[in-house]
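K.L.:
My structure is below; once you've seen it, I'll send some questions.
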Amino acid sequence: MSEPDPVLAELRAREQHYRTLLEALPDLMFRGDRDGTYLEAWPEDRPDLVVRGKDLLGRKLHDVLPPDLARRLLALVAEVCDSRQIGISEYDLQIAGELQTFEVRMVSYGSDEVLAIVRNVTDHKRAEAEVRGLQDALQERLVELQASRARIVEAADAERRRLERDIHDGAQQRLLATRMSLRLAAERLRRGDVAGAAEVIAEADRQLEGAVDELRALAHGIHPAVLTEEGIGAALEMLARRSPVPVDLTGVPDHRLPAPVETALYFVVSEALSNVVKHAHATTVTVTMQERGTRVLVAIDDDGVGGAQESNGSGLRGLRDRVEALGGELAMDSPPGAGTRVRVDIPCE
Amino acid sequence: MTVLIVDDHAEFRRLARLLLEEHGFVVVGEAPDGAAGLRAASDLEPDLVLLDVMLPDFDGLTVADQMSELASPPMVVLISSRRRGDFGPRLDRCSAQAFIHKGDLSGELLAELASGSPS
Chain A
0 MSEPDPVLAE LRAREQHYRT LLEALPDLMF RGDRDGTYLE AWPEDRPDLV VRGKDLLGRK
60 LHDVLPPDLA RRLLALVAEV CDSRQIGISE YDLQIAGELQ TFEVRMVSYG SDEVLAIVRN
120 VTDHKRAEAE VRGLQDALQE RLVELQASRA RIVEAADAER RRLERDIHDG AQQRLLATRM
180 SLRLAAERLR RGDVAGAAEV IAEADRQLEG AVDELRALAH GIHPAVLTEE GIGAALEMLA
240 RRSPVPVDLT GVPDHRLPAP VETALYFVVS EALSNVVKHA HATTVTVTMQ ERGTRVLVAI
300 DDDGVGGAQE SNGSGLRGLR DRVEALGGEL AMDSPPGAGT RVRVDIPCE
Chain B
0 MTVLIVDDHA EFRRLARLLL EEHGFVVVGE APDGAAGLRA ASDLEPDLVL LDVMLPDFDG
60 LTVADQMSEL ASPPMVVLIS SRRRGDFGPR LDRCSAQAFI HKGDLSGELL AELASGSPS
């Protein structure tokens, strides 16, 4: 029995140390020469190895890998051997029917050999791509959101301008004329022309009546009283009654919905019906309302000529923004010759 | 005193004519826009022009400035259904002699303006 050799013991301890380190590393490791011959491979086996580690030894890159990749890696081996600098590359490899991505870091080892540390970065790449996809989708959504906000503000501004003009050109002009007529009546009375005064007072009365009518129509356009007082059911019934094209209305609720939902639904149906009258050449329209769980659905279908486009000033663009601001959706389907269907779906809690 | 009424609202022109005639003015012409107004002012040489600020073709302030360059320039009284403040400083720089809100128009007021010193 000889004494245990302390140098040998030290060596064994070191080998154990490095082996443990290697086992802890997630990477593949290869040593090879300038000709692309595998001299060492670690680990012995792993599902993402093309060939088991020990079966690699003595074989060349070209025996194991697809020709293009083998050529590329052989060029990298030569480059690293010559420059003695670290070489880094990335490649895809089909393993068991699945494309996997690897990153190789290669350093020169001795005179004409390299050590390659290969990391499987498939999951990392996949996650990266997923994050990029999400970022792109988010960015797209953000751009659309900003655009829709801008459109909502623009629509509100345009509406205020239209109101100002309508009031100025309509009711205000009639009220001005009323004042002038009354002043004229006063002048005539001052002169003792009673008949002449009565004549312009009657005129003033007609002008006032016109102003009142204009204001009523304007107020109705801003927000119909029946919607405020009686709710969406009564308001849709009123729209149906007033439509020149016969409307078959079903499913209106007998209870109130949240005010923003009622307003959005009212204006969508109102706009859709007015588009039917203006463009569809339809003989009948059905308006179907349905509450489904926490959502309310309304569909407006006509039997007209179809071929409507949301962008063609149908007024639906602005309404889509209004509906989407409530978390709802608006869709229009209008194949040429097959009628138009507008469908709106709004959460209602 | 002769008056020309330039305004695109026929109803306003009709009532303004009646009001002014009631007070002894002689309305010698009416025009529905700036171009016709300028022609009428040049042809008819009225003492006074009632001129709407917002005309369908030109803006009344420009028309007023052009009228002030006629051979015998009329007194120009701008009228509008908007308030003076709605027009900003451009109205102050205009050569028109006065501004009346349409609702305030009367023969009496116009007579006062015409006899007073131009402001």
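Just so you know, the protein sequences line up as chains A and B, in that order. Using numbering that gives the first Met the number 0, the letters of the first sequence map in sequence onto residues 0 to 348. Using numbering that gives the first Met the number 0, the letters of the second sequence map in sequence onto residues 0 to 118. Beta carbons: idealized from backbone N, C-alpha and C, even for Gly.
1. Who are the Cβ neighbours of P73 of chain B in its own chain at under 8 Å, not counting the five residues just before and after it?
2. Which of helix, strand or coil does DSSP assign to G31 of chain A?
3. With burial defined as no fewer than 16 other Cβ atoms inside 10 Å of the residue's Cβ, what is the status of K277 of chain A: buried or exposed?
4. Measuring alpha carbon to alpha carbon, tell me which residue in A:A216, A:V251, A:R118 is nearest L48 of chain A.
5. So, helix, strand or coil for A97 of chain B, using DSSP?
6. Report all residues from its chain with a CB closer than 6 Å to the CB of V251 of chain A; omit the five preceding and five following residues, and keep chain order.
7. What is the rounded straight-line gap between the Cα of L69 of chain B and the Cα of V5 of chain B?
8. Rank A:L24, A:S88, A:L60, A:P3 by C-alpha distance to the C-alpha of R30 of chain A and give the top, closest one.
9. Would you list the one or two residues that DSSP bridges to E328 of chain A?
10. May I ask you to report which of helix, strand or coil DSSP gives R190 of chain A?
11. Please go through the same chain and pick out, in chain order, the residues whose beta-carbon is closer than 8 Å to the beta-carbon of L325 of chain A, but skip the five residues on each side of it.
12. Take the Cβ of P117 of chain B as the centre, count every other Cβ of all protein chains shown within 10 Å, and call the residue buried at 16 or more, exposed below.
13. Assuming the contact rule is C-beta atoms closer than 8 Å, V286 of chain A and V295 of chain A should be a hit. Round their C-beta distance to whole Å, please.
14. In whole angstroms, give me the CA-to-CA distance for V113 of chain A and Q138 of chain A.
15. Between the segment 132-148 of chain A and the segment 162-176 of chain A, can you find at least three pairs of beta-carbon atoms closer than 8 Å?
16. Report the CB separation of D300 of chain A from R340 of chain A in whole angstroms; it is logged as a contact under 8 Å.
17. In whole angstroms, give me the CA-to-CA distance for G338 of chain A and L315 of chain A.
18. Can you check DSSP and say which residues form a bridge with F101 of chain A?
19. Taking the beta carbon of D51 of chain B as the centre, do at least 16 other beta carbons fall within 10 Å, making it buried, or is it exposed?
20. Based on Cα-Cα distance, which residue from B:F24, B:G28, B:L19 lies nearest to K101 of chain B?
21. Does any C-beta atom of chain B lie closer than 8 Å to the C-beta of A176 of chain A?
22. Taking 8 Å as the CB-CB limit, is T283 of chain A close to chain B?
23. Can you give me the C-alpha to C-alpha distance between A184 of chain A and L17 of chain B, rounded to a whole angstrom?
24. Which residue's Cα is closest to the Cα of D85 of chain B: A:E163, A:L238, A:T177?
25. Within the 8 Å Cβ cut-off, does F11 of chain B reach chain A?
26. Tell me the rounded alpha-carbon separation between R383 of chain A and H222 of chain A.
27. Over what stretch of residues does the beta strand (DSSP E) that includes T293 of chain A continue unbroken?
28. In three-state terms, what does DSSP make of A9 of chain B?
P.N.:
So, from the listed chains and residues:
1. L3, A40, E44, P45, D46, L47, V48, M66
2. strand
3. exposed
4. A:R118
5. strand
6. G232, L235, M288
7. 16 Å
8. The shortest Cα separation from R30 of chain A among A:L24, A:S88, A:L60, A:P3 belongs to A:L60.
9. A:D344
10. coil
11. P259, V260, A263, I345, P346
12. The pLDDT assigned to P117 of chain B is 45, lower than 50, so where the model puts this residue is not dependable, and the model offers no usable value.
13. At roughly 13 Å, the Cβ-Cβ gap does not stay under 8 Å, so V286 of chain A and V295 of chain A are not in contact.
14. 45 Å
15. no
16. Confirmed, Cβ separation roughly 5 Å.
17. 16 Å
18. A:Y90, A:N119
19. buried
20. B:L19
21. Closer than 8 Å to some Cβ of chain B, the Cβ of A176 of chain A qualifies, so yes.
22. no
23. 10 Å
24. A:E163
25. yes
26. Chain A is shown only over 0 to 348; residue 383 of chain A falls outside these bounds and no answer can be derived.
27. Premise fails: T293 of chain A is in no beta strand (DSSP E) and is neither H nor E.
28. Helix, per DSSP.
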